[in-house]
Each structure stands twice: as structure tokens, then as C-alpha cells.
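Taking it in order: structure first as C-alpha cells, then the write-up.
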Amino acid sequence: MTDVAAAAKTDTQAGTGTVARTPFRMALRRFRRHPAALVSIGFLLLVVFAAIFARPLSGHDPNVVDLLAARQGPSGEHLLGTDPTGRDVLARLLFAARISLGVGIAAAALAVLIGAVLGGLAGLLGGWVDGVIMRVADMFMSFPSLVVMVVLAGILGPSVVTMVVAIGLFQWPVCGRIVRGVTLSLREQEYVLASRATGAGPGWLMSRHILPAALPPVSVAATLAVAQAIGLEATLSFLGLGVQPPAASWGNMLTDAQSLTVIRQEPWLWLSPGIAVALTVLAVNFVGDGLRDAVDPRSS
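Note that the sequence shown covers residues 1 to 300 in the UniProt record's numbering.
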């Protein structure tokens, strides 16, 4: 009877074309029900494509100065106009996407790396190690991050590397707390205790048990960290403490629109980078919301 039932079940699945409901497929199905996240992924792919092929798409060098074409409005030759030195705004906007996205992704990756390691050690080892790491995390979260980043940029000098390190150092506590919470819930599980009994060390436990279990919530935190890092990069560059000219970023492009005269009479200088920052940050946040709904079992 068992063989007959198994054969019938196999035939039924083959006839109906059913697919096994794995956790990944269920998460992917929940993600597809989030239209804003799907649209946001398409937009982000478009931004990445435009950043990679910035030169052929713009047709101009972002750093070539042409004083005869300074402050021209949008036209057939310069689709988004020119800045006070005659540089093409579209070219600078597309090349700036490389730096802004690069800083956001690199800073988020650094924050996730530090947070995953320290959070996993805190939850796995416990005791004084947990207390020290969590107090350090509280210290980082208690300081106003933007003010400290401004101070660090003033001491070390403004650069892309300084900005990535500063942003990453002040974003790791969020990921660290997530990994610590997952670790605390797993370290007393039977399979983790069995691994410890067979001589598995902290490194093996983190790589085989802790980090794979923490990956879904950490991926959500990482997307939100990318959005925050892009916003912080724009802020620091706008203040003159981030990406330095002549390199273009969305933040330092906004520095050309600090006067009321430019805001009123030359809107093409600030509209395009401002909209790029806003839409990119919004799209990354929507992707993070979609991932959160997809990995949360309560969403099914």
C-alpha cells in the first residue's frame, strides 16, 4: 500500500506540474507580491546600467571645462544643461552614480562584516565578551554619527576611503545586534550543542550555523544600510567633506545650488542630482521592505 500511495503521489505531481515548496521559493513568491520592490529593483538596475555606460550614454567628458557653454539650460547638445564651468550635467550625474553607489555598497558591506563578526562572537561566547561588545555598540549608537564623521573628515582629510570607513563604523551596531539575537536563539539548540560536544570551535559554529541562519535578516539590514550610506555620502559631499572635485558625486553636485539665485534661475543644477539621491534611496528602502516581508514567516 505504501508503494502504491507513493507512486500515485508521484504521478499526481508529475501530471499537475507541482513544484516543491522550499523556503527559498516561498520567500521569492512573497517578494513578488511586493510591486514597489519589483519596480525598485528595475530602477536600481537601470541606475547601475547608466553608471557603467556613463560615457557612451552622455556623450561628454564630465570634467571638461567649457566656459563658453557655462550655465546653459537643457538643450539638444546638453540634455540636462551645464554647470558654472560649462561641464555637462548629465555626464557628471551618470559618473557620480558610480561613486555614490560604490560608497553606499562598500560602507554597507563593511558594516555588515564588522557587525556579523562582533555580533556572532557576542552571542556565542557570552559573558564579559558579550558585555564589552554590546557596550561598544551602545557607545557608537549614542554619538551623533554625522557630527563624528565631520570631525573625522577634518582630522584625516576628506576622501572616499575615509568616508566609507566612517560610515561603516557607525552602521555596524544594527547588524551586530541582529546577529547577536539570532546567535542567542541558536546556541542552545541541540545541533549546536552537538557540534560543540564534538569539538567545534567558535569559527566553525559561526560559519556553519550562526551566519547562515542570520543571513535573511542581515540582508534586510544591509539594504537599509546602503540607503543610509548613500544619503550620508551626499550629505558629506555637500558639506565639502566627502568626494572632492573634480570627481563628481551627487552630493558635491548639489553644492553648485547653494544660493537662492541658482535655485530660482538654474534649477537644472540641483533638480537632477536631488531627484537621483531621493529616488535611489527610496528604491533601496523599498527593496529592503520587500526582503523583510519575504523572509518573515509571518507574512505567509
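Beta carbons: idealized from backbone N, C-alpha and C, even for Gly.
- Taking a contact as a CB-CB distance under 8 Å, the pair F31 and A294 counts as one, their CB atoms being some 4 Å apart.
- Within the segment 188–232, the runs of alpha helix (DSSP H) at least 4 residues long that lie entirely inside it are, in chain order, 190–197, 202–205.
- In the three-state scheme derived from DSSP, where H, G and I count as helix and E and B as strand, D88 is classed as strand.
- The closest CA to that of T85, considering only D61, D66, P212, N285, is found on D66.
- Secondary structure at T22: coil, using DSSP grouped into helix, strand and coil.
- By the neighbour-count definition (other C-beta atoms within 10 Å, threshold 16), T183 is a buried residue.
- Nearest to R292 by C-alpha distance, out of V117, S219, G274, is S219.
- The segment 224–242 and the segment 101–110 touch, with three or more beta-carbon pairs separated by less than 8 Å.
- Under the 10 Å beta carbon count, L28 is surrounded by fewer than 16 other beta carbons and is classified as exposed.
- The C-alpha of C175 lies about 30 Å from the C-alpha of A248.
- By the Cβ-count criterion, P144 is exposed, with fewer than 16 other Cβ atoms from all chains shown falling within 10 Å of its own Cβ.
- With 16 or more neighbouring CB atoms inside 10 Å of its own CB, G115 falls in the buried class.
- For T82, the beta-bridge partners assigned by DSSP are D88.
- If you draw a 10 Å sphere on the C-beta of L193, you find fewer than 16 other C-beta atoms in it, and that means exposed.
- Annotated three-state conformation of D293 is helix, per DSSP.
- Here Q258 is exposed: its Cβ has fewer than 16 other Cβ atoms, across all protein chains shown, within 10 Å.
- Taking 7 Å as the cut-off, the Cβ atoms of A278 and G251 do not count as close.
- In the three-state reduction of the DSSP assignment, R135 falls in the helix class.
- When rounded, the separation of the alpha-carbon atoms in L254 and H34 is 32 Å.
- Cβ atoms of L44 and V284 come within 8 Å of each other, at about 7 Å.
- Scanning its chain for C-beta atoms nearer than 7 Å, with the 5 sequence neighbours on each side dropped, one finds around L156 the residues T162, in chain order.
- Taken atom to atom, the span from the alpha-carbon of L205 to that of L118 is near 14 Å.
- Separation of I52 and I275 (C-alpha to C-alpha, rounded to the nearest whole angstrom) is 19 Å.
- L80 sits close to S272, with the two beta carbons spaced by under 7 Å.
- In this structure, the straight-line span from the alpha carbon of L57 to that of S75 is close to 15 Å.
- With respect to A122, R180 sits close: the two C-beta atoms are nearer than 7 Å.
- Secondary structure note for P56: its alpha helix (DSSP H) is the uninterrupted segment 54–58.
- The Cβ atoms of A69 and T82 sit closer than 7 Å to each other.
- Shown here, R30 sits in a helix according to DSSP, grouped into three states.
- In the structure shown, A70 falls within a coil segment according to DSSP collapsed to helix, strand and coil.
- C-alpha of R87 to C-alpha of F238: approximately 18 Å in a straight line.
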